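Take a look at the structure below.
2 protein chains.
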Amino acid sequence: MTDTTTWDRAAGQEPRRALVGDLLRQAREAGRTSLTAPEGRRVAEAYGIPTPAEGLAECSDEAVALAARIGYPVALKIVSPDVLHKTEAGGVRVGLRSAAEVRGAFTSIVQNVRAYAPHARILGIQVQQMVPAGQEVIVGAVTDPTFGKVVAFGLGGVLVEVLRDVTFRLAPVSAQEAASMLDGIRAAEVLKGVRGAPAVDRAALVDLVVAVSQLAADFPEIAEVDLNPVFAAADGAMAADVRVLLSTTDAVPRRRYSREEILTAMRRLMRPRSVAVIGASDARGKIGNSVMRNLVDGGFPGEIHPVNPKADDILGRKAYRSVTDVPGDVDVAVFAVPARFVPGALEEVGRRGIPNAVLIPSGFAETGEEALQEQVVEIAERYGVRVLGPNIYGYYSTWQDLCATFCTPYDVKGPVALTSQSGGIGMAILGFARSTRTGVSAIVGLGNKSDVDEDDLLTWFGEDPNTACVAMHLEDLKDGRAFVEAARATVPRKPIVVLKAGRTGAGARAAGSHTGALAGDDAVYDDILRQAGVIRAPGLREMLEYARALPVLPAPRGDNVVIITGAGGSGVLLSDAVVDNGLQLMTIPDDLDAAFRAHIPPFGAAGNPVDITGGEPPATYEATIRLGLADPRVHALVLGYWHTIVTPPMVFAELTARVVAEFRERGVEKPVVASLAGDTEVEDACRHLFEHGVVAYPYTTELPVAVLGAKYRWARAAGLLPGRDGGVRR
Amino acid sequence: MTDTTTWDRAAGQEPRRALVGDLLRQAREAGRTSLTAPEGRRVAEAYGIPTPAEGLAECSDEAVALAARIGYPVALKIVSPDVLHKTEAGGVRVGLRSAAEVRGAFTSIVQNVRAYAPHARILGIQVQQMVPAGQEVIVGAVTDPTFGKVVAFGLGGVLVEVLRDVTFRLAPVSAQEAASMLDGIRAAEVLKGVRGAPAVDRAALVDLVVAVSQLAADFPEIAEVDLNPVFAAADGAMAADVRVLLSTTDAVPRRRYSREEILTAMRRLMRPRSVAVIGASDARGKIGNSVMRNLVDGGFPGEIHPVNPKADDILGRKAYRSVTDVPGDVDVAVFAVPARFVPGALEEVGRRGIPNAVLIPSGFAETGEEALQEQVVEIAERYGVRVLGPNIYGYYSTWQDLCATFCTPYDVKGPVALTSQSGGIGMAILGFARSTRTGVSAIVGLGNKSDVDEDDLLTWFGEDPNTACVAMHLEDLKDGRAFVEAARATVPRKPIVVLKAGRTGAGARAAGSHTGALAGDDAVYDDILRQAGVIRAPGLREMLEYARALPVLPAPRGDNVVIITGAGGSGVLLSDAVVDNGLQLMTIPDDLDAAFRAHIPPFGAAGNPVDITGGEPPATYEATIRLGLADPRVHALVLGYWHTIVTPPMVFAELTARVVAEFRERGVEKPVVASLAGDTEVEDACRHLFEHGVVAYPYTTELPVAVLGAKYRWARAAGLLPGRDGGVRR
């Protein structure tokens, strides 16, 4: 295996590009949508992909000469346009080990075929290198509608066909990424050799995956590459069949903005000094009234300019007939007019030089009015106006006290930025955040994503000092690569949680009917979001809970998780959850074990979980939590509290909060999560803990550990922990 | 495949029992722990399990004669104690198709081996029927510590070894159960023929699974049977290797009570008229005081007799020096004394003829005091006293206003009975139930399960008219078969939800240290609980939510689920959840589609989800819900509500509750679940819906559908729906 990246290597590869480019051009000029087998082999050869050596022999002497050049053993196969079933015709002989065997096989194949089909045209006999026995695998590349060129790896046979055990990455991949694919399938163990089989040649397989990914990346005109099967042996790997399909359409390039352009526009959107409301109204129940009231009631300290041709003032503020009349530098125009009035007003916004249009109205692509939406996009692009929406509830920027929505103002400032493609999910975000008093920096509706989308916002949130965690509900991505790029730039600093809706076949169909967007195959999304370092939430509630909890926890600095529990029963369930979430229960060193034992009753179980038993006073919880925080070999604590008279819920909560704070002041920051089992008083105790840096939930052993697991996945993606990238599938 | 059950067939099978019994006895008498390969083949033959025919030939004539008898093709293999690597020695020839080939092979094998190892003793040459090519599978039986004899089926090779794709059932199995095993593995499709391979002979495989299960069931002295590999071809199946391992220990039979005995004792436990509290106390903070107060404060209308040698009265009630002094028929003695005083007091309880002892104290097996616990069990068995505990919080029987615990009384009477093995989980049950106002019939702590366990309680709850749903947290089962029997008797009438803790390796280890119980392999638990018709909750919160919600929903009468949503985004997530839970999104018939379309805007999406779009008034929700309830082809509704000014949360809740109630009055009962996306007002709306028969949750699209999925799994297990038993793995 080479250590240089594919990009370094690509520099010296012009000849192979020219060769393959010629082949592809010829095929397309001939109106073909795929390469022939010999062309496929030439492409493979150009990219260093081993295929069986072969040649066509017209007589037995030629066959023997070919076999000598290829090396024994060889196979002989009839080549005749009139013989479809070669084996049935006696036209195939394999495992030939000498010139004599080749000569004999040549003669008998010709005889067999003559007998089987007297009038068949015999073009010759193919002499082919015998593919060495090995594990069957599949390596391929496809053009994903969301992510573009994607390379795939899986085991051959039933594993990939029945169990769909296959993994994807953005093409091209580095050798390291290719190696992670070999480890990323469920049956990865097979490659290491099971049932007495030798381990496959990983380096050869990695080279092959890298080569296929580079081939696909080099040529937009390649739609699909399929090496199936590849035989991976202990020494080398060989593609027995190479298929190259050509694309029949040319991709339409999407307009992309530079990072600086994005940041400039998003900064003015999220931190405006002056907002115009087009369609502002005094009439209760109208969206233009709600938006105005929310801007005012939310306490936005900047300028708020109502625009309404039929009013002089609205909510006591001077109204303008047109946005062109509004004085000063306007940062954002919020649209609260019916869809049909949007193009005209947007022209005025463009002429006025306002950089952002927030289109609340529905009635565009989502209702079949694609043309209207295209018109809006055209106007916006002409003037360089960035458009949020249409078909959204608006957006909140809490640190600016900005509530440009028809909902109600949100007032718990904090570190979480949330976005949603759907208005309904946006309302769920708002309700949940309010109910749990989640600290929020922004809530943004994306709706039809005619222009501004997740990667624009991610680019901004990555820089926004008020945002420490980003959570996004999405049904599709307009440009998967731009998202991955923005995610990779953000993840080292902040976790990104994604709820990708439309995961299942049925779900994807529903997504199609909702947004008209082509929902990608979920397996591709799953692998590539993981590759981008994103935490994928399995459902809406988890997205919300992760968003609320992740900023509360410090990053772990190592893998050793210790459970300290007053309830043995919780300890068992917490252990289940630790394993389910791919975390490591620390093997407690003897000295630490002895230290724990000094604090717990003789029948309590040390080891891990540390079971302090149920009847213990606050001092036992405190002493054992202190041990876990103080020992540098312990990296994270999972607490299981059991409600007793001896240690009531709030006593536990206060002592835990105090000890955790004390250690943080001393610079010892470890994630601490807690599961509280008890009567309803544990709910208040959980709130107290949450407010003091401990992620705590009542009546569940799963959620606190799931949050810790999400934090670990982020820490690993951010490069804060060694190894194991992309391991556990959730 | 035969249609008669294994039990019918077993009647005529005495000769095979005698034959196998003899073989096993001889092996055990010879001190062996396994059968030899020839013995294994004889056992297989007796049970109709095909194995390759074979024989030993000492000369080529004998080999030819054997081959003729076996039928061609055959294989020849050297038999020599001195040749370990037969193939390497040139001692194996396969695929021999004629007498001449057999004769030639015999000679060349002898020559090869002589050349390879001149001094090797040659005992002869084995002539063996060639096993027909086919799909490799594994059929086996093991003795599980919890469930006893269990039969296993899986695909051979890497699928079972690496991916552990194997399924289990209690042995013996019927042909129908065996068939469900063939469908129960993840790679089941392989058996139906993939990549051009023919489908396997299902009937032959089913017979083979049934035979192995019967063999294991017939002989307690068999520890393990392993047919590996079995080659399953298009026509027949053959076991290439048969291993039979003998058990080295005899199982200790567990004392079992008859159903009537159980019901009599449990009825007096759960509906007592007179309760004695041993260790009752006036001192606040003592368990004996808490129990007394809770009995009194909980409003128990029966007699409450404190027992304390040092008091004349406690909480105003006459105290007795000993339980023997308590007048009248006492049903339950609750123990609130230290562990060391329990045996003495239990003797008195036994002498007094009290049928139930509730042992709250800890300090028994869980703290290493196994001997003390054994003493307690011995005393109880001597007097016929049933023992709940020790090491428990006590129990609630809410319809009797009975709170025999040291916690606080619970007062929301309802249909759910909950049990927990762990005290901590018991407290979580109590807190959750109180917080969500879950209607409870009983909460019971099982603790060390020295006597009364889940099957006793299940037998009672199955009969209890106040209980409509049973939820149990357990870490192990003392007698898996008794549990399955009780579950099977109960499931046709009431759903049983089980949270099995210690699912994972790490969890199981923790269970071991907590209860000293041998936790079974989770895969066995998973399959056999499903076979018993139990709904397995993936975590604590799900157990609690299922317990709360299942009794609220009527049983579905068919598979057609329709989603009606005001938020397209919720529709996508609800669709995901429908598929995740193994439910069926109905394909809406044209006439029904047209009926839905008549109520929704032209750009709304009919089909399924029915997307009524976000701005609709209450009338649109009502009209579409009515359509779903009225159409007999629709069997369940999933509602997605989106908070708008036009249809506020409580308006939606009230109209939905009203319409559902109206249809129920007309005899139309369908499960309706709802996901409410909106501001915090949706929480009250969910409570209202829950109280009116609609399972509704805020801020989650997953949970309502998970509950519906649990209801469907129960309905299928209860025989209320056709087909698909044990399908989806959760």
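Chains as they are written, first to last, in my numbering: chain A, 126 to 855; chain B, 126 to 855. Glycine is no exception: its CB is placed at the ideal position from the N, C-alpha and C atoms. This structure is a prediction, so every number in the text was calculated from the model and none was measured.
For residue i, which residues in chain A fall below 9 Å Cβ to Cβ?
i                     : result
residue 666 (chain B) : 822, 824, 825, 826, 827, 828
residue 594 (chain B) : Result: empty, since nearest Cβ-Cβ is about 18 Å, beyond 9 Å.
residue 187 (chain B) : Those do not exist, as residue 187 (chain B) stays about 32 Å from chain A at its closest Cβ, beyond 9 Å.
Is there at least one Cβ from chain B nearer than 7 Å to residue i's Cβ?
i                     : result
residue 327 (chain A) : no
residue 684 (chain A) : no
residue 550 (chain A) : yes
residue 698 (chain A) : yes
residue 804 (chain A) : yes
residue 577 (chain A) : no
residue 556 (chain A) : yes
residue 312 (chain A) : yes
residue 461 (chain A) : no
residue 319 (chain A) : yes
My output table needs one value for residue i: the three-state DSSP class, helix, strand or coil.
i                     : result
residue 548 (chain B) : helix
residue 517 (chain A) : coil
residue 700 (chain A) : helix
residue 625 (chain A) : strand
residue 822 (chain A) : strand
residue 779 (chain B) : helix
residue 173 (chain B) : coil
residue 430 (chain A) : strand
residue 445 (chain B) : strand
residue 567 (chain B) : strand
residue 255 (chain A) : coil
residue 154 (chain A) : helix
residue 325 (chain A) : coil
residue 845 (chain A) : coil
Taking Cβ positions only, does residue i come closer than 7 Å to chain A?
i                     : result
residue 768 (chain B) : yes
residue 701 (chain B) : yes
residue 503 (chain B) : no
residue 553 (chain B) : yes
Provide the residue(s) that pair with residue i in DSSP beta bridges, ordered along the chain.
i                     : result
residue 594 (chain B) : B:541
residue 481 (chain B) : B:457, B:511
residue 524 (chain A) : According to DSSP, residue 524 (chain A) bridges with nothing at all.
residue 754 (chain A) : In DSSP, residue 754 (chain A) forms no bridge with anything.
residue 710 (chain A) : A:686
residue 368 (chain A) : A:351
Chain B partners of residue i, CB-CB under 8 Å?
i                     : result
residue 756 (chain A) : Result: empty, since nearest Cβ-Cβ is about 20 Å, beyond 8 Å.
residue 560 (chain A) : 805, 808, 823, 824
residue 600 (chain A) : 694, 697
residue 691 (chain A) : 549
What does residue i reach in chain E if we use C-beta pairs closer than 9 Å?
i                     : result
residue 492 (chain B) : As a matter of chain content, chain E is missing from the structure shown, whose protein chains are A and B.
Could you tell me which chain B residues have their CB closer than 7 Å to the CB of residue i, listed as they occur along the chain?
i                     : result
residue 546 (chain A) : 694
| request: Return the residues of the segment 531-543 of chain B that lie within a Cβ-Cβ distance of less than 9 Å from chain A, sorted by chain order. | output: 531, 532, 533
| query | What residues in the segment 612-628 of chain B have a beta carbon less than 7 Å from any beta carbon of chain A? | reply | 626, 627, 628
| task | Check each residue of the segment 647-672 of chain B: if its Cβ is closer than 7 Å to any Cβ of chain A, include it; give the result in chain order. | result | Within the segment 647-672 of chain B, 664, 665, 666, 669 place their CB atoms closer than 7 Å to a CB of chain A, listed in sequence order.
| For the segment 398-420 of chain B, which residues have a CB atom closer than 7 Å to at least one CB atom of chain A, in sequence order? | 410
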